[in-house]
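When the letters of the sequence shown are read in order and numbered with UniProt numbering, they come out as residues 1 to 333. Don't be surprised by glycine CBs; every beta carbon is placed ideally from N, CA and C. What you are looking at is a predicted structure, and each value in this text was computed from that prediction instead of being measured.
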Amino acid sequence: MIEQEKKRRRQVVRKQRAILGGAAVLLLLFIWGGVSVWMGRKSSEEQRKDEAALETAAKEQEKAERREKKQHAEEEMESAMTSLESTVEDLISDYDGNWSVYVEELEYENDFSINNQGMYPASLVKIYTMAATFANMEQVIKNETDYLGSEESAKATVAQLLENMIEISDNESYNELVRLQSSDRDFGEGCGYINAYLQEEGYTGTGVHTTLHPAASSMENDGLGDNVTCVEDCGKLLEKIYKGSCGSQEDSGEMLHLLLNQENTLKIPEGLPEGIEVAHKTGETSEVQHDVGIIYGESTDFILCIMVDELTSSADVYTQYHELTETVYDALN
Numbered sequence: 001m002i003e004q005e006k007k008r009r010r011q012v013v014r015k016q017r018a019i020l021g022g023a024a025v026l027l028l029l030f031i032w033g034g035v036s037v038w039m040g041r042k043s044s045e046e047q048r049k050d051e052a053a054l055e056t057a058a059k060e061q062e063k064a065e066r067r068e069k070k071q072h073a074e075e076e077m078e079s080a081m082t083s084l085e086s087t088v089e090d091l092i093s094d095y096d097g098n099w100s101v102y103v104e105e106l107e108y109e110n111d112f113s114i115n116n117q118g119m120y121p122a123s124l125v126k127i128y129t130m131a132a133t134f135a136n137m138e139q140v141i142k143n144e145t146d147y148l149g150s151e152e153s154a155k156a157t158v159a160q161l162l163e164n165m166i167e168i169s170d171n172e173s174y175n176e177l178v179r180l181q182s183s184d185r186d187f188g189e190g191c192g193y194i195n196a197y198l199q200e201e202g203y204t205g206t207g208v209h210t211t212l213h214p215a216a217s218s219m220e221n222d223g224l225g226d227n228v229t230c231v232e233d234c235g236k237l238l239e240k241i242y243k244g245s246c247g248s249q250e251d252s253g254e255m256l257h258l259l260l261n262q263e264n265t266l267k268i269p270e271g272l273p274e275g276i277e278v279a280h281k282t283g284e285t286s287e288v289q290h291d292v293g294i295i296y297g298e299s300t301d302f303i304l305c306i307m308v309d310e311l312t313s314s315a316d317v318y319t320q321y322h323e324l325t326e327t328v329y330d331a332l333n
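Written out as C-alpha cells, the structure is:
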C-alpha cells in the first residue's frame with residue numbers, strides 16, 4: 001500500500017512538472033513573439049524615419065538647385081543688362097536729336113536709364129491722365145452725371161473718352177478728362193488734382209499743365225508752365241500697370257487693355273518680331289518723337305521707354321527706333 005501511494009504521488013508530480021514545463025514553453029514563446037513584433041515595429045518605424053529623412057534631404061537639394069539656378073539666371077540677366085546699356089549708349093550717340101531711354105526687364109527687375117530728363121511729352125501726358133482718372137473715377141462719374149443728368153450715360157461717356165484718348169490719341173478727349181476731375185469742369189483745377197496724384201504716386205518728373213491741340217476747345221492752362229515728363233516716370237507707371245498695382249487689379253487690367261489697342265504702331269512695334277504684343281502709347285510733334293510700352297517677349301517681358309526731342313529731321317527717326325527696339329529685344333530674348 002505504501003509503495004502504491006508513493007508511485008501515485010510520483011505520477012502526480014510528473015504531471016505537474018509536465019504542465020509547468022508546457023506553460024513555461026508557452027510563456028517563452030509568447031514573450032519571444034512579443035519581442036519579435038516589437039522589434040518588427042521598431043524596424044518599420046526606423047525605416048519610415050529613414051525614408052522621411054531621405055525625402056527631406058532630396059527636397060532640400062532640389063530647393064538648393066533651384067536657388068542656384070535662379071541666382072545664375074539673375075547674374076546672367078544682370079550681365080546682359082549691363083552690356084545692353086553700353087550698346088544702347090553707343091547707338092543713340094550717333095542718332096539725330098536728344099535721345100532718352102529707359103529699359104527694365106520684368107523678371108528680376110533690373111533696369112537702366114540713359115539721359116533721363118524732363119521733356120515735352122506731347123501725347124505721353126495722356127497715360128498719366130488715364131491713371132489719374134481711374135484713381136478719381138467716382139468723382140469723375142459724379143461730375144459728368146451732374147452735367148448729363150444720367151449716371152449710366154456718364155459712365156458710357158467717360159469710358160469712350162478714355163478709349164479715344166489712348167487708342168486713337170484724341171486730344172479733345174484728353175482736354176475733357178482733365179476738366180472732369182473738377183466739379184466745376186475747370187481745366188486748371190483738373191490739372192491741380194492730377195498733379196497732386198502724380199506727386200503722391202512718386203512721378204516727380206511729370207506735370208500736367210496745358211491742353212493739347214489741334215482740338216475742338218480753346219487753349220487752356222494752369223499758369224504753371226508746359227506739360228513735362230521723363231522716361232523713368234513713364235517706366236514706373238507702366239510697371240505698376242503690368243503688375244496690377246496701378247489702382248486696383250481691375251483698373252490696371254482696363255488700362256492695359258487700352259494700351260494694347262493703341263493704333264499708332266510705327267515706332268516700337270515695328271522693331272519687334274511678328275506676333276509680339278506691346279501695350280504702349282506714343283507722342284509726337286514736329287520736334288519730338290516718343291513711344292513707351294510694355295513688351296511681352298517670347299522669354300522675357302520688358303519695359304522700353306524712348307523719348308526724343310531736338311530733332312532737326314524726322315527722316316531717319318523711325319529706322320532708328322526700329323534698330324534700337326530690335327537691339328533691346330534681342331538682348332533680352
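Let me know if residue i comes out buried or exposed under the rule of 16 or more other beta-carbons within 10 Å of its beta-carbon.
{"i": "T319", "result": "exposed"}
{"i": "D316", "result": "exposed"}
{"i": "R179", "result": "buried"}
{"i": "S313", "result": "exposed"}
{"i": "S173", "result": "buried"}
{"i": "V35", "result": "With a pLDDT of 46 at V35, under the threshold of 50, the modelled position of that residue is not reliable, and the figure given next carries that caveat. So V35 counts as exposed."}
{"i": "G283", "result": "buried"}
{"i": "M81", "result": "buried"}
{"i": "Q199", "result": "exposed"}
{"i": "V37", "result": "Summary for V37: the model assigns pLDDT 49, below 50, so the residue's position carries little reliability; its value from the coordinates is reported in the next sentence. Exposed, by the Cβ-count rule."}
{"i": "V25", "result": "Per-residue confidence for V25 stands at a pLDDT of 49, beneath the threshold of 50, marking its modelled position as unreliable; no derived number is given."}
{"i": "L330", "result": "Note on residue identity: the sequence assigns Asp, not Leu, to residue 330. By the 10 Å Cβ count, D330 comes out exposed."}
{"i": "E104", "result": "buried"}
{"i": "D54", "result": "Residue identity differs from the one stated: residue 54 is Leu in this sequence, not Asp. Burial call: exposed."}
{"i": "K281", "result": "buried"}
{"i": "T204", "result": "exposed"}
{"i": "T56", "result": "exposed"}
{"i": "M1", "result": "At M1, the pLDDT of 49 sits below 50, so the modelled position is not reliable; the number obtained from the coordinates is stated separately. M1 comes out exposed."}
Kindly identify the DSSP beta-bridge partner or partners of residue i.
{"i": "C305", "result": "Y102, V292"}
{"i": "N221", "result": "T210"}
{"i": "V228", "result": "G207"}
{"i": "M119", "result": "T229"}
Restricting to Cα atoms, I'd like to know which of the options is closest to residue i.
{"i": "I241", "options": "F134, E298, N98, G192", "result": "F134"}
{"i": "I114", "options": "I92, Y108, P121", "result": "I92"}
{"i": "R167", "options": "D301, E326, V278", "result": "A quick correction: the sequence has Glu, not Arg, at residue 167. Of the candidates D301, E326, V278, the one whose C-alpha sits nearest the C-alpha of E167 is V278."}
{"i": "G225", "options": "M137, C191, H72", "result": "C191"}
{"i": "T325", "options": "E298, P273, Q47", "result": "P273"}
{"i": "E107", "options": "S169, Q71, S123", "result": "Q71"}
{"i": "M77", "options": "T300, D186, T211", "result": "T300"}
{"i": "S169", "options": "A156, E144, H213", "result": "H213"}
{"i": "D233", "options": "G202, M137, S182", "result": "G202"}
{"i": "V328", "options": "E138, D111, N195", "result": "D111"}
{"i": "M219", "options": "Q249, L237, D251, D186", "result": "D186"}
{"i": "R171", "options": "E152, L237, A215, Q160", "result": "Before going further, note that residue 171 is Asn rather than Arg in the sequence given. Taking only the C-alpha atoms, the option nearest N171 is A215."}
{"i": "Q139", "options": "K126, I194, S252, N221", "result": "I194"}
{"i": "Y128", "options": "Y197, Q160, S83", "result": "Y197"}
{"i": "L258", "options": "I141, E152, I294", "result": "I294"}
{"i": "S248", "options": "E46, A52, N136, K126", "result": "N136"}
Check this for me: beta carbons of residue i and residue j, under 7 Å apart or not?
{"i": "M255", "j": "M130", "result": "yes"}
{"i": "L311", "j": "G97", "result": "yes"}
{"i": "V228", "j": "Y102", "result": "no"}
{"i": "G235", "j": "I303", "result": "yes"}
{"i": "N175", "j": "S217", "result": "yes"}
{"i": "H290", "j": "L124", "result": "yes"}
{"i": "T265", "j": "A122", "result": "no"}
{"i": "L148", "j": "A154", "result": "yes"}
Return the first residue and the last residue of the beta strand (DSSP E) that residue i is part of.
{"i": "R281", "result": "A quick correction: the sequence has Lys, not Arg, at residue 281. Start and end: 277-284."}
{"i": "I114", "result": "111-114"}
If I follow the unbroken alpha helix (DSSP H) through residue i, where does it start and stop?
{"i": "I168", "result": "I168 -> no alpha helix (DSSP H), and no H or E assigned at all."}
{"i": "I141", "result": "137-148"}
{"i": "C246", "result": "Unbroken run through C246: none, as it is neither H nor E."}
{"i": "A216", "result": "Here A216 belongs to no alpha helix (DSSP H), and DSSP marks it neither H nor E."}
{"i": "A331", "result": "317-332"}
{"i": "L198", "result": "187-201"}
Could one say the Cβ of residue i lies closer than 7 Å to chain C's Cβ atoms, at least one of them?
{"i": "Y108", "result": "The structure shown contains no chain C; it holds only a single protein chain."}
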